[in-house]
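Undergrad: Here the working numbering is used: the first residue of the sequence shown is 261, the next is one more, and so on. We put the beta carbon where it would ideally sit given N, CA and C, even for glycine.
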Amino acid sequence: MIRLYGFWRSQATFRVRAALNLKGLAYEETMLDLDAGEQLTPQHLARNPQGAVPVLSIDDGPGLTQSMAILEYLEERFPKPPLLPADALGRARVRSLALLFAADHHPLVVPRVRKYLAEVLHLDDAQRAAWGQHWLREGLKAAEARLAVEPETGRYCHGEALSFADLCLTHHVLAARSARVEMAAFPTVSRIAEACLAVDAIARAQPLRQAGAPGRAA
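1. By a C-beta neighbour count over all protein chains shown, 10 Å radius and 16 as the cutoff for buried, is Ser356 buried or exposed?
2. Beta-carbon within less than 6 Å of Arg372's beta-carbon, same chain only, minus the 5 sequence neighbours each way: which residues are those?
3. With DSSP as the reference, label Met328 as helix, strand or coil.
4. So Gly392 is in the alpha helix (DSSP H); what residue range does that whole segment cover?
5. When DSSP builds the beta bridges, which residues end up paired with Ser317?
6. What ranges does the beta strand (DSSP E) occupy inside the segment 276-315, keeping only unbroken runs of at least 3 residues that lie completely in it?
7. Select from Ala436, Lys375, Ile452, Ala408 the residue whose C-alpha is nearest the C-alpha of Gly297.
8. What does the alpha-carbon distance come out to for the pair Val313 and Phe338?
9. Quick one: what's got a C-beta closer than 8 Å to Ala405's C-beta in the same chain, skipping five residues either side?
10. Mapping DSSP to helix, strand and coil, what is Leu413?
11. How many Å lie between Val433 and Val449 at the Cα?
12. Beta-carbon separation of Arg397 and Val441 under 8 Å?
13. Can you give me the Cβ contacts of Asn281 inside the same chain, cut-off strictly under 6 Å, excluding the 5 residues immediately before and after it?
14. Just verifying my parser: in three-state terms, what is the DSSP assignment at Arg355?
15. Would you report the Cα separation of Leu468 and His431, rounded to the nearest angstrom?
16. With 16 as the cutoff for other CB atoms within 10 Å, does Leu300 come out buried or exposed?
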C-alpha cells in the first residue's frame, strides 16, 4: 500500500502525485491543512521532523521526504514508464530544469516563508503578493530562456517524453497563473504546460481537483 501525505495546494505534493498517476500506482492521500498548521502536529513531525509535505510511505515502510528524492525513488523502484531519459546527458538536463523550479524558486513562496514575511517582517497582503509574483516570474524567465533555444526541447521539456522537469514546470505555471502573473512573455513554458495538462494523469493531480481545495469536499 502506498500512502501519501500532502496538501491540495502544495507544489511539491503535485510532483509526486503526478508521478504516481503516470506510473499507474494506486495510493491513498491524506491531506494536511498547511494553512491551519496541521503539518506541525506531533503526529506529522514524527513522520517528517521538518514539518513539511509530501511524505510517502510504501507498505508501512519509513516515510520518504523531499519531492525530488521521492521522484528518484519511484523511478528506481517503478521504472515504467520512465520519467528520466536513457542517456546521462539527458538525465542531467532534465534534473537541471526540474531543480530550476523545485530548488531555486519554489522554496521562496512556501507557507513558512509567507508566514515569516507576514509575522516577522510585517509585510502587508500586497507586498507578500508582490514577493510571490516576483519569484514565480523569475522562475518562468529562467526556464523560458533555456527551453526556447535549447535543441533538446520538444513537445515537452526534453523531447517527446514526459520527465521530472515537466512535473516541476507544470505546477510552477499553475502557481503563477493563480498569482496572476502575466504569461505572455513565456510562450514556450506555457505551451509545454498545456501539453502536460492535456495528459489525464497530470490533469488529475492538479491542486483544484484535490480534496480540500475551494469547491471540493475535504
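TA: So, from the data block:
1. Here residue 356 corresponds to residue number 96 of the sequence shown, with the count starting at 1. The residue is exposed, with fewer than 16 neighbouring Cβ atoms inside 10 Å.
2. Residue numbering aside, residue 372 sits at position 112 when the sequence shown is read from its first letter. Shown here for Arg372: not one same chain residue has a beta carbon closer than 6 Å to its own, the five before and five after excluded.
3. Within the sequence shown, residue 328 is the residue found at index 68, counting from 1. Note: Met328 maps to helix in three-state DSSP.
4. In the sequence shown, the residue the question calls residue 392 occupies position 132. Taken as a continuous stretch (DSSP letters only), the alpha helix (DSSP H) holding Gly392 covers 385-407.
5. Reading the sequence shown from its first residue, position 57 is the one you call residue 317. Arg263, per the DSSP bridge assignment.
6. 288-291
7. As a first step, residue 297 must be located in the sequence shown, where it is residue number 37. Of Ala436, Lys375, Ile452, Ala408, the residue nearest in Cα terms is Lys375.
8. Residue numbering aside, residue 313 sits at position 53 when the sequence shown is read from its first letter. Residue numbering aside, residue 338 sits at position 78 when the sequence shown is read from its first letter. Cα to Cα, the separation comes out at about 21 Å.
9. For the purposes of this step, residue 405 is taken as the residue at position 145 of the sequence shown. So the list is empty, once near-sequence residues are dropped.
10. Position 153 of the sequence shown, counted from the start, is the residue given in the question as residue 413. Inspection of the sequence shows that residue 413 is occupied by Thr rather than by Leu. Three-state result, Thr413: coil.
11. In the sequence shown, the residue the question calls residue 433 occupies position 173. In the sequence shown, the residue the question calls residue 449 occupies position 189. Val433 and Val449: Cα-Cα distance of roughly 8 Å.
12. Counting from one through the sequence shown, the residue named residue 397 turns up at place 137. Counting from one through the sequence shown, the residue named residue 441 turns up at place 181. Yes, the Cβ-Cβ distance between Arg397 and Val441 is below 8 Å.
13. In the sequence shown, the residue the question calls residue 281 occupies position 21. Ala461, Arg464, Ala465, listed in sequence order.
14. Here residue 355 refers to the residue found at position 95 when the sequence shown is read from its first residue. DSSP places Arg355 in helix when its eight states are reduced to three.
15. Reading the sequence shown from its first residue, position 208 is the one you call residue 468. Reading the sequence shown from its first residue, position 171 is the one you call residue 431. The straight-line gap from Cα to Cα measures roughly 12 Å.
16. In the sequence shown, residue 300 corresponds to position 40, counting from 1. So Leu300 ends up on the exposed side.
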